[in-house]
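Below is one structure, written out as structure tokens; comments come after it.
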Amino acid sequence: MKRISLLIVTFLLFSVFYGQSVQGDVGVKLYINEESIDLYPAPKIENGSVKVPVRSYFEGFGAVVSYDYTSRGVVVQRGERILRLCDLDGISFQGGMAYGPLRAMAGFFGDEIIYESQDRSIRIKSEYGWIQKKLPQIKGTVAITFDDGPGGYTGRIVDILKKHGAGATFFVLGCNIPGNEATIKKIADAGFEIGNHTYGHPNLLKLGTEDVKRQIERTQILIHDITGKRPIYFRPPYGAFSKSLAGSVDMAMVLWSVDPADWKYNSCDPIVSNILNNVRDGSIIILHDTEYITAVSLERILTGLKNKGYHVVSVSDMLKAHNIEPEKNMIYFCSYDIR
Ligand SMILES: [Zn+2]
23 MKRISLLIVT
33 FLLFSVFYGQ
43 SVQGDVGVKL
53 YINEESIDLY
63 PAPKIENGSV
73 KVPVRSYFEG
83 FGAVVSYDYT
93 SRGVVVQRGE
103 RILRLCDLDG
113 ISFQGGMAYG
123 PLRAMAGFFG
133 DEIIYESQDR
143 SIRIKSEYGW
153 IQKKLPQIKG
163 TVAITFDDGP
173 GGYTGRIVDI
183 LKKHGAGATF
193 FVLGCNIPGN
203 EATIKKIADA
213 GFEIGNHTYG
223 HPNLLKLGTE
233 DVKRQIERTQ
243 ILIHDITGKR
253 PIYFRPPYGA
263 FSKSLAGSVD
273 MAMVLWSVDP
283 ADWKYNSCDP
293 IVSNILNNVR
303 DGSIIILHDT
313 EYITAVSLER
323 ILTGLKNKGY
333 HVVSVSDMLK
343 AHNIEPEKNM
353 IYFCSYDIR
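Residue numbering for the sequence shown follows this note's numbering, beginning at 23 and increasing consecutively.
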């Protein structure tokens with residue numbers, strides 16, 4: 023019976039959506055166990071099949087969802103079963119969020135899907151109840167960044183980010199890389215973005231152009247030797263920037279718009295509340311993976327941001343979510359302040 027209804031669903035989806043060559047967000051109504059639900063972002067149609075945002079869909083069932091940025095894949099654990107999907111299975115990433123084929127994913131977990139063309143609704147029957155009765159109001163996508171590592175807390179921070187399915191950009195110091203190559207590899211292997219924070223943390227405004235270039239290039243080579251990639255972003259130490267400095271380096275300069283000064287504190291509260299009070303769609307948050315208190319605060323920061331409706335991603339994914347293509351010689355404070 024289940025198989026037959028799946029076949030019918032496939033046929034209906036194909037004929038209804040593909041027949042009308044409908045693409046994009048077409049306002050499909052979702053019901054789970056006869057209860058109407060709202061997903062953010064909305065489901066969409068791609069090549070005739072319905073795709074849902076994997077995280078908000080499955081987390082609504084209380085499942086654990088994590089992204090594997092290395093393989094551009096997604097892992098969903100609901101109950102005893104673990105579903106692993108990659109782009110071959112129809113996973114696609116948009117603005118740092120993964121979308122997956124509803125029919126195949128629901129089928130894996132044994133949920134039944136019935137498409138009703140009359141009211142353009144999809145009715146899902148699941149033994150798992152929908153626990154996310156009210157989704158937090160989605161406020162946007164923010165970038166989280168970590169400076170001055172690799173250091174003693176970097177590995178722990180990577181693990182916490184992975185657990186929360188968050189992205190991040192690490193602005194590393196060249197002088198900290200020798201001896202910490204494994205940490206750089208761990209950051210890269212986990213799919214996080216690496217940026218250049220110079221070699222020795224000088225105030226670049228006090229250096230000549232050649233010295234600036236040497237500071238950047240030395241770190242580019244160290245990172246490339248380990249990861250095979252040259253970073254496209256650099257962050258000047260102390261936030262000491264000028265337009266002519268940005269113009270002298272063939273990379274995009276990334277500053278920040280939310281600075282909780284984590285290095286100043288030895289308790290979590292001021293750091294967490296500073297971020298949650300000042301964050302908005304398109305923010306770039308600066309933290310330091312050299313600080314113990316930052317590693318300790320991170321769970322609360324990520325949970326707080328999620329509860330406020332923010333997706334936490336790398337600088338690249340935040341810009342992508344705002345349709346911004348990073349350009350060299352430009353200075354990025356956040357998605358709405360680019361100079
Ligand atoms: Zn720094």
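All C-beta atoms, glycine included, are put in the ideal place defined by N, C-alpha and C.
Cβ separation of residue i and residue j, assumed to be a contact under 8 Å, to the nearest whole Å
{"i": "residue 189", "j": "residue 214", "result": "7 Å"}
{"i": "residue 311", "j": "residue 192", "result": "7 Å"}
{"i": "residue 256", "j": "residue 217", "result": "6 Å"}
{"i": "residue 254", "j": "residue 348", "result": "6 Å"}
{"i": "residue 105", "j": "residue 79", "result": "About 12 Å; that fails the 8 Å criterion."}
{"i": "residue 223", "j": "residue 259", "result": "4 Å"}
{"i": "residue 184", "j": "residue 319", "result": "That belief does not hold up - the Cβ atoms of residue 184 and residue 319 are roughly 17 Å apart, past 8 Å."}
{"i": "residue 142", "j": "residue 317", "result": "Not really, about 47 Å apart at Cβ, beyond 8 Å."}
{"i": "residue 207", "j": "residue 303", "result": "That belief does not hold up - the Cβ atoms of residue 207 and residue 303 are roughly 33 Å apart, past 8 Å."}
{"i": "residue 277", "j": "residue 354", "result": "7 Å"}
{"i": "residue 167", "j": "residue 308", "result": "6 Å"}
{"i": "residue 212", "j": "residue 180", "result": "5 Å"}
Close beta carbons around residue i, own chain, < 8 Å, minus the five adjacent residues each side
{"i": "residue 34", "result": "Interpretation of residue 34 is limited by its pLDDT of 44, a score under 50 that renders its predicted location unreliable; the figure taken from the coordinates is listed afterwards. Result list for residue 34: 137, 139, in chain order."}
{"i": "residue 232", "result": "none"}
{"i": "residue 352", "result": "268, 274, 275, 360, 361"}
{"i": "residue 234", "result": "226, 267, 270, 271"}
{"i": "residue 289", "result": "315"}
{"i": "residue 26", "result": "Unreliable positioning characterises residue 26 in this predicted model, as indicated by a pLDDT of 46, which lies under 50. The coordinate reading is nonetheless provided below. Within the same chain, residue 26 has no close Cβ partners at all."}
{"i": "residue 203", "result": "248"}
Residues that DSSP places opposite residue i in a beta bridge
{"i": "residue 138", "result": "143"}
{"i": "residue 66", "result": "73"}
{"i": "residue 275", "result": "256, 353"}
{"i": "residue 262", "result": "Paired residue(s): none; residue 262 is not in a bridge."}
{"i": "residue 217", "result": "193"}
{"i": "residue 57", "result": "54"}
{"i": "residue 115", "result": "120"}
{"i": "residue 332", "result": "162"}
{"i": "residue 359", "result": "356"}
Close Cβ partners of residue i (< 6 Å) along its chain, the five nearest in sequence each way excluded
{"i": "residue 52", "result": "59, 144"}
{"i": "residue 237", "result": "220, 221"}
{"i": "residue 305", "result": "164, 279, 280, 356"}
{"i": "residue 153", "result": "84"}
{"i": "residue 65", "result": "50, 72, 74"}
{"i": "residue 148", "result": "133"}
{"i": "residue 86", "result": "99"}
{"i": "residue 23", "result": "Below a pLDDT of 50, predicted positions are generally treated as unreliable, and residue 23, at 45, falls in that range; the measurement from the model is reported next regardless. There are no such residues."}
{"i": "residue 344", "result": "304, 357"}
{"i": "residue 111", "result": "none"}
{"i": "residue 82", "result": "152, 154"}
Residue i - containing alpha helix (DSSP H), residue span
{"i": "residue 246", "result": "231-249"}
{"i": "residue 94", "result": "Run containing residue 94: none; DSSP gives neither H nor E here."}
{"i": "residue 224", "result": "Unbroken run through residue 224: none, as it is neither H nor E."}
{"i": "residue 178", "result": "176-185"}
{"i": "residue 298", "result": "290-300"}
Endpoints, beta strand (DSSP E) assigned at residue i
{"i": "residue 191", "result": "191-194"}
{"i": "residue 169", "result": "162-169"}
{"i": "residue 337", "result": "Looking at the DSSP string, residue 337 is not in any beta strand (DSSP E); the run it does join, the alpha helix (DSSP H), is 337-343."}
{"i": "residue 314", "result": "Segment 314-329 is the alpha helix (DSSP H) holding residue 314; no beta strand (DSSP E) there."}
{"i": "residue 124", "result": "That residue, residue 124, is in no beta strand (DSSP E); its alpha helix (DSSP H) goes 124-130."}
{"i": "residue 199", "result": "Segment: none, residue 199 is in no beta strand (DSSP E) and carries neither H nor E."}
{"i": "residue 107", "result": "103-107"}
{"i": "residue 309", "result": "306-310"}
Cutoff 7 Å; reference residue i; Cβ partners in own chain excluding five residues on either side
{"i": "residue 314", "result": "175"}
{"i": "residue 321", "result": "182"}
{"i": "residue 95", "result": "106, 107, 108, 113"}
{"i": "residue 93", "result": "108"}
{"i": "residue 128", "result": "135, 146"}
{"i": "residue 346", "result": "357"}
The stretch 258-266 / the stretch 223-232 touching (three or more Cβ pairs under 8 Å): yes
Can you find at least 3 beta carbon pairs, one from the stretch 120-135 and one from the stretch 70-90, that sit closer than 8 Å? yes
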